[in-house]
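Quick note, the sequence shown lines up with residues 1 to 240 if you use my numbering.
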Amino acid sequence: MLFAFRMLLMGLHFILAGVLGVILGLCRPFNPDNSRLCARLYALPAMCILRLRVRAEVSGLMNKPASCVIIANHQSNYDLFVFGNVVPYRTVCIGKKSLKWVPLFGQLFWLAGNVLIDRGNAHKARKSMLTTTHTLQHEDTSIWVFPEGTRNLGKELLPFKKGAFQMAIAAGVPIVPVCVSNYINHMRLNRWRSGNVLIRSLPAIPTAGLTMDDMPRLMAQCQEQMRECIDAMDRQLQAA
Numbered sequence: 001m002l003f004a005f006r007m008l009l010m011g012l013h014f015i016l017a018g019v020l021g022v023i024l025g026l027c028r029p030f031n032p033d034n035s036r037l038c039a040r041l042y043a044l045p046a047m048c049i050l051r052l053r054v055r056a057e058v059s060g061l062m063n064k065p066a067s068c069v070i071i072a073n074h075q076s077n078y079d080l081f082v083f084g085n086v087v088p089y090r091t092v093c094i095g096k097k098s099l100k101w102v103p104l105f106g107q108l109f110w111l112a113g114n115v116l117i118d119r120g121n122a123h124k125a126r127k128s129m130l131t132t133t134h135t136l137q138h139e140d141t142s143i144w145v146f147p148e149g150t151r152n153l154g155k156e157l158l159p160f161k162k163g164a165f166q167m168a169i170a171a172g173v174p175i176v177p178v179c180v181s182n183y184i185n186h187m188r189l190n191r192w193r194s195g196n197v198l199i200r201s202l203p204a205i206p207t208a209g210l211t212m213d214d215m216p217r218l219m220a221q222c223q224e225q226m227r228e229c230i231d232a233m234d235r236q237l238q239a240a
């Protein structure tokens, strides 16, 4: 019963947040800080509805360089609400082009200045990547990417795709890893308190002076650091 009630409230919240977000986007279209404001608009009420306790240790993320590539592990659609608590100033996200067909959310996502990539068209995907490189170099804006490319459903990190690392190296900007504990398999939405979630950011990893030949090592370094961080947070929650 509680689960059904929560899902009803979440559905209503998703619609209302979408309407308000579209209005914000129309008032200041493509402003790179729209993403942060819209993320809070989705996240803060959702945490109250879901009764998820999120504890964030993200001083490194909040004090990030003006331009960087932020990479995060991707578990489920609930990441929108969980990570929405910590999206920093002037940060946009990369998403697949099909998102634009999601009523309200798709239009909000576009108006918020986020980047939509057509993964089925290599030429358009490369063009979008060149645009993000220019944004990183000249517009004091950061890009948030889920390098796994799809949801891992709370299991092991999936292999990383190259896009985020190509952008960071091409623009010469640091990479800031952000990790969330494996929450999706531990959420109990039929209970009053659904569970605890930890979010932790890691120190920025510089890419200045690196070439594309260094990319495999950089990807492996990021993935290993994130895996260790996620495992440590899971152990911390289990001990608690």
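A virtual CB, placed ideally from N, CA and C, is assigned to each residue, including glycine.
These numbers come from a predicted model, not from an experiment.
Per DSSP, the unbroken beta strand (DSSP E) holding Trp144 starts and ends at Ser142 to Val145.
DSSP, read as helix, strand or coil, puts Glu57 in strand. Residues Leu104, Phe105 and Leu108 of the same chain have their beta carbon placed closer than 7 Å to that of Gly18, with the five preceding and five following residues left out of the count.
DSSP places Arg6 in the helix class (H, G or I) of the three-state scheme. Beta-bridge pairing by DSSP links Val176 to Ile70. For Ser201, the pairing in a beta bridge is given by DSSP as Val178. Looking at the backbone, the Cα of Leu26 and that of Leu111 are separated by about 7 Å. Of the residues assessed, Ile117 falls on the buried side of the cut-off, its CB having 16 or more other CB atoms within 10 angstroms. A buried status is given to Leu50, since no fewer than 16 other beta-carbon atoms sit within 10 Å of its beta-carbon. Leu16 counts as exposed, since fewer than 16 other beta carbons sit within 10 angstroms of its beta carbon. If you draw a straight line from the Cα of His134 to the Cα of Ala171, it is about 7 Å long.
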